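Numbering (my numbering), first residue to last: 1196 to 1430.
What follows is the structure in structure tokens.
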């Protein structure tokens, strides 16, 4: 079985199209040596890429892609297995959506396919292609500015919730971590992270348990989490 990864990302403002072409040329050679193939769609703002091949090679290349400073807001859309390649002609092919009419571009992408069975409109991967090409979900893209544009301002009204005393007989405790909406500058929720009474990881909490005892311990920990949350003033 082959591994398939699809992601979408946002190009950085200082990256030229010529540099993208050069990048794809290098990726084509490197991917070919690793028996990895794929296609890169570009609409002038966003990248949409599919890479496929042996799992270890695909994951290694994908990690390098994630660290590339020429794009940001990378979102992994699909990681799955397939019996054959969907785009197996070259190591990497660049497809500029701006050069095609909107009515014809999806079929043009499908024509690049090399699957034993021609790509069909109900193919799971192709559903992502269709959404990107037709821009049906573009209004729902959650765009976060690149990291170099962020400014962190200390809050003089720092909030420290009153932490209740934990009864060690419960056998577990929790660390409550705030989830922040960076655009609204607000805490939108809290995540309860399971810990042992002395602060060790969930692995230590479940160590030595087997069978139904694991599920019972998990249910017990949820009760403790809800009880603690009810005692803490998250305001």
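Glycine included, every Cβ here is placed at the ideal spot set by N, Cα and C.
This one's a predicted model, so the numbers in the text were calculated from it and none came from an experiment.
Under DSSP, the beta strand (DSSP E) around residue 1274 begins and ends at which residues?
Residue numbering aside, residue 1274 sits at position 79 when the chain shown is read from its first letter. Here the beta strand (DSSP E) through residue 1274 covers 1266 to 1277.
Measure how close the beta-carbons of residue 1404 and residue 1412 come, nearest whole angstrom, since I'm counting them as under 8 Å.
Locating residue 1404 in the chain shown gives position 209, where the first residue counts as 1. Locating residue 1412 in the chain shown gives position 217, where the first residue counts as 1. Between residue 1412 and residue 1404 the Cβ distance is about 6 Å, and since that is below 8 Å, they are a contact.
Sub-8 Å separation of residue 1263 and residue 1199 beta-carbons
Along the chain shown, one-based indexing puts residue 1263 at 68. Along the chain shown, one-based indexing puts residue 1199 at 4. It is not a contact, given that the beta carbons lie outside the stated cut-off.
Between the Cα of residue 1308 and those of 1321, 1297, 1202, spot the shortest distance and give me the residue it belongs to.
The residue labelled residue 1308 in the question sits at position 113 within the chain shown. Per the Cα distances, 1321.
Run of the beta strand (DSSP E) containing residue 1248, from where it starts to where it stops:
Counting from 1 along the chain shown, the entry for residue 1248 is found at position 53. Its beta strand (DSSP E) spans residues 1241 to 1248.
From the DSSP secondary-structure annotation, give me the bridge partner or partners of residue 1385.
Sequence index remark: in the chain shown, residue 1385 carries index 190 (1-based). In the DSSP assignment, residue 1385 forms a beta bridge with 1373.
Tell me which residue opens and which closes the beta strand (DSSP E) that residue 1204 is part of.
Within the chain shown, residue 1204 is the residue found at index 9, counting from 1. Note, residue 1204: beta strand (DSSP E), 1197 to 1206.
Just tell me which of 1391, 1289, 1278 has its CA closest to the CA of residue 1215.
Reading the chain shown from its first residue, position 20 is the one you call residue 1215. Comparing Cα positions, the closest option is 1289.
How many Å lie between residue 1372 and residue 1387 at the Cα?
Here the question's residue 1372 lines up with position 177 in the chain shown. Here the question's residue 1387 lines up with position 192 in the chain shown. One C-alpha to the other measures close to 6 Å.
Name the DSSP bridge partner or partners of residue 1156?
The structure shown has nothing for residue 1156, since the chain only spans 1196 to 1430.
Given this structure, state the Cα-to-Cα distance separating residue 1398 from residue 1293, to the nearest angstrom.
Within the chain shown, numbered from 1, the residue matching residue 1398 stands at position 203. Within the chain shown, numbered from 1, the residue matching residue 1293 stands at position 98. One C-alpha to the other measures close to 50 Å.
Assuming residue 1326 is part of the beta strand (DSSP E), what are its boundary residues?
As a first step, residue 1326 must be located in the chain shown, where it is residue number 131. Per DSSP, residue 1326 belongs to no beta strand (DSSP E); it is in the alpha helix (DSSP H), 1319 to 1329.
Quick one: Cα of residue 1326 to Cα of residue 1250, how far?
Here residue 1326 corresponds to residue number 131 of the chain shown, with the count starting at 1. Here residue 1250 corresponds to residue number 55 of the chain shown, with the count starting at 1. Near 25 Å, if we compare the C-alpha coordinates of residue 1250 and residue 1326.
Whole angstroms are fine: how far does the CA of residue 1380 sit from the CA of residue 1349?
Position 154 of the chain shown, counted from the first residue, corresponds to residue 1349. Position 185 of the chain shown, counted from the first residue, corresponds to residue 1380. Straight-line Cα distance between these residues: approximately 12 Å.
Within 8 Å of any Cβ in chain D, is that where the Cβ of residue 1261 sits?
Chain labels in this structure do not include chain D; a single protein chain is all it has.
Residue range of the unbroken beta strand (DSSP E) whose run includes residue 1234:
Taking the chain shown and counting its residues from 1, the one referred to as residue 1234 is at position 39. Residues 1232 to 1237.
Residues near residue 1389 by beta carbon distance below 7 Å, same chain, minus five either side:
Counted from its first residue, the chain shown places residue 1389 at position 194. Within the same chain, residue 1389 has close Cβ partners 1367, 1369, 1397, 1400, 1416.
With residue 1286 and residue 1223 assumed to form a contact (beta carbons below 8 Å), what rounded beta-carbon distance in angstroms separates them?
Position 91 of the chain shown, counted from the first residue, corresponds to residue 1286. Position 28 of the chain shown, counted from the first residue, corresponds to residue 1223. Going by Cβ atoms, the distance from residue 1286 to residue 1223 rounds to 4 Å, so yes, they are a contact pair.
Distance between residue 1393 and residue 1385 (C-alpha atoms, nearest Å):
Here residue 1385 refers to the residue found at position 190 when the chain shown is read from its first residue. Here residue 1393 refers to the residue found at position 198 when the chain shown is read from its first residue. Approximately 21 Å between the Cα atoms of the pair.
In three-state DSSP terms, what is residue 1312?
For the purposes of this step, residue 1312 is taken as the residue at position 117 of the chain shown. Because residue 1312 carries a pLDDT of 48, less than 50, the predicted location of this residue cannot be relied on, and the following value inherits that uncertainty. Note: residue 1312 maps to coil in three-state DSSP.
Endpoints, the beta strand (DSSP E) within which residue 1157 is located:
Given that the chain is displayed from residue 1196 to residue 1430, the structure contains no residue 1157 and the question cannot be resolved.
Buried or exposed: where does residue 1246 fall if 16 or more other Cβ atoms within 10 Å of its Cβ makes it buried?
The residue labelled residue 1246 in the question sits at position 51 within the chain shown. When all chains shown are included, residue 1246 counts as buried.
Best match in 1383, 1281, 1220, 1212 for proximity to residue 1241 [C-alpha to C-alpha]:
Here residue 1241 refers to the residue found at position 46 of the chain shown. The option with the nearest alpha carbon to residue 1241 is 1212.
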